[in-house]
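Q: The numbering of the sequence shown is the UniProt record's numbering, which starts it at 1 and goes up by one. Okay, here's the structure, questions in a sec.
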Amino acid sequence: MKLIGVDIGGTFTDLILADVAQQQSWIHKVPTTVEDPSVGMIQGIQTLCQMAQADYAEIAHVLHGTTIATNTLLTHDGARTGMVTTEGYRDIVHIGRHQRPHHYSIMQDIPWQTRPLVKRRDRKTVPERLDPKGEVLTPLDEEAAKTAILELKAAGVESIAICFLNSYFDAKHEDRVAAIAQELYPEAFITTSASIFPQFREFERFTTACINAFVGPKVKRYIHNLSRSLAEQSVQADLHIMRSNGGVATAEVAGEQPVTLLLSGLAAGVLGGAAAGKDHRDRLITFDMGGTSTDIGIVTEQGFAEATARDTWIAGYPVMVPMIDIHTIGAGGGSIAYVDEGGAFRVGPCSAGAEPGPVCYAKGGTEVTVTDANVVLNRLDPEYFLGGEMDIYPDRAFAAVQALADQMGLDLYETAAGILTIVNNNMANAIRSRTIQKGQDPRQFSLVAQGGAGPLHAAEIALSLGIPEVIIPRYPGITSAMGLLTTDLKHDLIQNEFILSTSPHLEKLNADLQTLETQVTGQLRSDGFSDEEMTLQRFADCRYVGQGYELRSQIPSGTISEAALQGVWQQFHDLHTAEYGHAFPENPVELVTLRVTGTGPMPKLSGLPILAEGTVEDAWLKTAVTYFRMDGKLERYDTDFYERDRLPAGGQLEGPAVIFQKDSTILLLPQSLATVEPNGNLLIQLTQNSLSDRRLAMEAAV
């Protein structure tokens with residue numbers, strides 16, 4: 001059986017083909033075709049199959065991480081969307097919660113008002129009303145619903161979100177209007193809020209449904225066209241799409257629920273990093289630096305962190321679907337260095353991307369980028385860049401950085417080093433925001449460096465944070481693609497459940513859990529999994545009475561007794577202490593949401609990669625001068641260059657060194673030690689001397 005994982009980023013498309021039976025893999029990397037990302041993907045699959053001498057018919061599964069939904073929302077380039085809602089609630093998605101992103105700014109940019117997903121003229125209301133318990137107060141006016149749908153059709157909307165008050169208790173009115181819409185306007189993409197997020201908080205629920213409708217047509221067309229392109233190449237494999245929750249979905253489910261794909265590729269990166277660093281290490285920071293952005297995830301003994309309701313915002317909109325907690329900043333190899341209007345030296349968040357790219361690509365780029373700075377400091381070599389398959393032009397990078405240096409009155413190499421210092425500090429601060437600011441000590445973690453640019457910057461970032469070791473996966477530049485081959489198919493279902501710790505209703509709780517489990521197992525059966533293959537997990541979103549947001553406790557399997565429920569309450573108190581530093585065990589707790597997650601196992605690549613035999617000296621390429629800031633001063637170092645594919649298991653290298661491989665470049669700082677582990681990882685250990693030197697360098701830079 002052969003599997004293909006494909007992650008499409010803003011700059012490059014990363015691919016891996018794995019032969020599960022033979023435990024072999026082949027990797028490939030191509031520039032992303034921005035106009036139609038599937039073009040580059042198909043070309044990459046063709047090349048991969050040629051490399052592996054594999055027939056298309058041998059491919060069983062294609063697993064895909066995509067940014068199509070994310071980019072559609074970020075660029076606000078979605079479908080013209082209509083909305084049908086309860087009479088009197090037309091402006092819920094505009095009013096929101098009167099939140100101000102910047103409390104003291106007179107120039108507020110409130111996305112749901114300045115860039116509405118559904119314009120007011122396309123928001124229609126109909127008489128209907130359920131009370132907070134799901135009882136009908138006002139029957140649905142079906143004639144008014146038909147009129148609303150026909151008006152939206154005449155207006156030219158492509159997608160319709162149906163959002164009724166209190167539909168999370170009973171979706172019968174939403175379902176009926178959806179049926180009317182399918183009858184009167186079958187071409188439209190239809191979304192009901194209860195099918196996407198059946199929970200209270202109508203602003204967040206309505207907005208999430210509108211996002212699904214807004215990005216839906218574009219995502220559905222993309223998946224359809226991709227499936228057709230694969231079929232035209234005689235690839236009959238099952239297509240699965242990565243979701244934000246860390247699992248994959250069938251192409252059909254992904255096409256109907258595209259809002260669950262907003263962190264598709266990012267989630268795969270966290271999974272890939274976690275898989276790469278799992279041997280003997282339970283606490284990991286995944287650091288995925290690509291050409292456009294950097295994604296940071298946290299993995300602990302309990303697994304990867306899941307975003308809480310208060311953190312699930314993308315492009316300024318609340319997104320209430322399960323997702324891994326990932327922090328993204330605009331820092332990558334293509335980040336542009338410039339002097340702003342106030343004379344400050346800055347790097348990012350704007351990026352040169354794949355087109356025109358850094359100046360050294362000679363594709364029309366004129367602005368200095370992080371990649372150009374690495375070229376000037378001789379950390380990237382034109383002979384070995386992307387395995388020698390892509391040309392870069394150092395003379396162009398030198399000229400561009402020199403022009404920027406002249407503008408600031410600085411030395412060429414100081415300017416290049418300054419670019420890296422700024423971008424590294426930006427990324428280190430992002431890691432602090434996910435660790436120190438959440439009560440975690442980064443010094444107790446290992447940093448997993450991934451992405452095409454991650455291994456080039458990871459050691460300096462780790463030093464600034466006091467992290468003692470850096471793990472470089474075997475294929476860091478395609479870790480997200482590899483992460484796709486470590487995941488399973490996953491479904492999440494939720495239901496509101498208001499239960500107080502002082503008066504629990506165990507009979508109703510157990511009945512509702514059973515209902516959710518039955519629904520999840522039914523979905524997994526339809527995906528082709530047997531009951532023996534399935535894994536179910538149960539969770540409760542809890543809070544103290546009077547609080548506005550919840551923390552998630554795990555519910556044990558089986559029938560819930562009073563003792564088991566007491567364990568859920570105690571787990572909540574412990575989580576509250578870990579998150580906020582205190583708890584109120586004497587206060588009543590309310591359980592507001594039940595969750596059941598069902599998992600079906602997918603085929604995976606496991607086992608050790610085939611490593612080279614021989615000695616470290618066999619991997620040596622040359623010695624050249626590179627530049628490092630040590631003891632607060634930028635100095636020249638004679639640096640050994642190596643080829644990673646020829647490094648043997650157990651081999652050790654002392655820094656400074658540069659290690660090349662097809663998908664990335666690895667930098668070893670002076671006074672650091674790298675060891676090739678049996679699983680193919682490269683473990684970089686940072687000494688106390690190098691930590692001290694880095695602190696001096698940071699102080700000198702300030």
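For glycine and all other residues, C-beta sits at the position ideal for the given N, C-alpha and C.
Within its chain, find whatever has a CB closer than 6 angstroms to the CB of R80; leave out the 5 residues flanking it on each side and keep chain order.
A: Contacts found: V157, E158.
Q: Which residues in the same chain have their Cβ closer than 8 angstroms to the Cβ of K2, if we skip the five residues on either side of it in sequence?
A: Result list for K2: L17, A18, D19, V20, A52, A54, E58, I59, A60, in chain order.
Q: With Q108 and R100 assumed to form a contact (beta carbons below 8 angstroms), what rounded beta-carbon distance in angstroms separates them?
A: Contact holds; Cβ gap of about 6 angstroms.
Q: With a threshold of 6 angstroms on Cβ separation, who are the neighbours of T435 within its own chain once the five nearest residues in sequence on each side are excluded?
A: Excluding sequence neighbours, T435 sits near P442.
Q: Spatial neighbours of L696 within its chain, please: CB distance less than 7 angstroms, with the 5 preceding and 5 following residues excluded, ordered by chain position.
A: With a pLDDT of 46 at L696, under the threshold of 50, the predicted position of this residue should be treated as unreliable, though the coordinate-derived value follows. If we look at L696 and ignore the five residues flanking it on each side, its Cβ neighbours are D631, G632.
Q: Under 8 angstroms between C-beta atoms, does T518 make it to chain B?
A: Within the model displayed, chain B is absent; a lone protein chain is all it includes.
Q: Using 10 angstroms around the beta-carbon of P358, count the other beta-carbons present and answer buried if the total reaches 16, otherwise exposed.
A: By the 10 Å Cβ count, P358 comes out buried.
Q: Measuring alpha carbon to alpha carbon, tell me which of I27, A563, N212, S553 ends up nearest P476.
A: The residue with the shortest Cα to Cα distance from P476 is I27.
Q: In the DSSP assignment, what residue or residues form a beta bridge with K622?
A: Bridge partners of K622: F641.
Q: Report the three-state DSSP secondary structure of R115 (helix, strand or coil).
A: Note: R115 maps to coil in three-state DSSP.
Q: Would E460 and L605 be called neighbours here (beta carbons separated by less than 8 angstroms)?
A: No, the Cβ-Cβ distance between E460 and L605 is not below 8 angstroms.
Q: Suppose the cutoff is 6 angstroms on Cβ atoms and the five residues either side in sequence are ignored; what does the same chain contact list for R205 look like?
A: Answer for R205: S193, F197, listed in chain order.
Q: Can you tell which of Y627, R646, F628, W620 has the C-alpha that lies nearest to the C-alpha of D640?
A: Comparing Cα positions, the closest option is W620.
Q: Identify whether K508 lies in helix, strand or coil by the three-state DSSP scheme.
A: The answer is helix: DSSP assigns K508 an H, G or I state.
Q: I'd like to check one pair, I666 with P455: are the Cβ atoms closer than 8 angstroms?
A: Closer than 8 angstroms, so yes.
Q: Out of curiosity, what's the CA-to-CA distance linking H573 and A352?
A: Their Cα atoms are separated by approximately 47 angstroms.
Q: For D406, count neighbouring Cβ atoms within 10 angstroms of its own Cβ and tell me buried if that reaches 16, exposed if not.
A: Classification of D406: exposed, given that the 10 Å Cβ count is below 16.
Q: For the segment 380 to 465, list the beta strand (DSSP E) runs that are entirely contained and at least 3 residues long, ordered along the chain.
A: Correct list: 446 to 450.
Q: Ends of the beta strand (DSSP E) at Q24?
A: It spans 24 to 31 - the beta strand (DSSP E) in which Q24 sits, taken as one unbroken run.
Q: Taking the alpha carbon of A400 as the point to measure from, which residue in P318, C49, I285, I419 has its own alpha carbon closest?
A: The candidate whose alpha carbon is nearest that of A400 is I419.
Q: Would you give the residue range spanned by the beta strand (DSSP E) that E469 belongs to?
A: 469 to 472 is the extent of the beta strand (DSSP E) around E469.
Q: Around the Cβ of A700, are there at least 16 other Cβ atoms within 10 angstroms (buried) or fewer (exposed)?
A: Confidence at A700 is low in this model, with a pLDDT of 47, below 50, so its placement is unreliable and the value that follows should be read with caution. It counts as exposed.
Q: Measure how close the beta-carbons of M320 and T208 come, nearest whole angstrom, since I'm counting them as under 8 angstroms.
A: Confirmed, about 5 angstroms.
Q: Excluding the 5 residues flanking P504 on each side, which residues of the same chain have their C-beta closer than 6 angstroms to its C-beta?
A: Contacts found: L565.
Q: Which same chain residues end up closer than 6 angstroms to A249 when comparing Cβ atoms and leaving out the 5 residues on each side of it in sequence?
A: The answer, listed in chain order, is I241, R243.
Q: Note down the Cα distance separating Y413 from A362, rounded to an integer number of angstroms.
A: Distance between the alpha carbons of Y413 and A362 is about 21 angstroms.
Q: Count the other C-beta atoms from every protein chain shown that fall within 10 angstroms of the C-beta of F584, then say buried if there are 16 or more, exposed otherwise.
A: When all chains shown are included, F584 counts as exposed.
Q: For G452 versus G342, is the C-beta distance shorter than 8 angstroms?
A: No. Outside cutoff.
Q: Three Cβ pairs or more, each shorter than 8 angstroms: is that satisfied between the segment 262 to 282 and the segment 475 to 491?
A: Verdict: yes, contact present.
Q: Return the CA-CA distance between Q24 and G409, expressed in angstroms with no decimal places.
A: Cα to Cα, the separation comes out at about 52 angstroms.
Q: In terms of alpha-carbon separation, which member of A511, G522, A428, K278 lies closest to G680?
A: Comparing Cα-Cα distances from G680 to each of A511, G522, A428, K278, the minimum goes to K278.
Q: Quick check: the segment 512 to 521 against the segment 585 to 603, are at least 3 beta-carbon pairs closer than 8 angstroms?
A: With a cut-off of 8 angstroms, the segment 512 to 521 and the segment 585 to 603 count as touching, because enough Cβ pairs lie within range.
Q: Which residues bound the alpha helix (DSSP H) around E572?
A: The question names Glu, but residue 572 is Phe in the sequence shown. It spans 562 to 580 - the alpha helix (DSSP H) in which F572 sits, taken as one unbroken run.
Q: Kindly indicate which residue of G40, S446, G303 has the alpha-carbon position closest to the one of G466.
A: Ranking G40, S446, G303 by Cα distance to G466 puts S446 first.
Q: Is it the case that the Cβ atoms of Q661 and L673 are separated by a distance below 8 angstroms?
A: No, the pair does not count as a contact, with Cβ atoms beyond the cut-off.
Q: Pair every Cβ in the segment 166 to 173 with every Cβ in the segment 121 to 140, then say whether three or more of these pairs are closer than 8 angstroms.
A: Cβ pair count under 8 angstroms is three or more, so yes.
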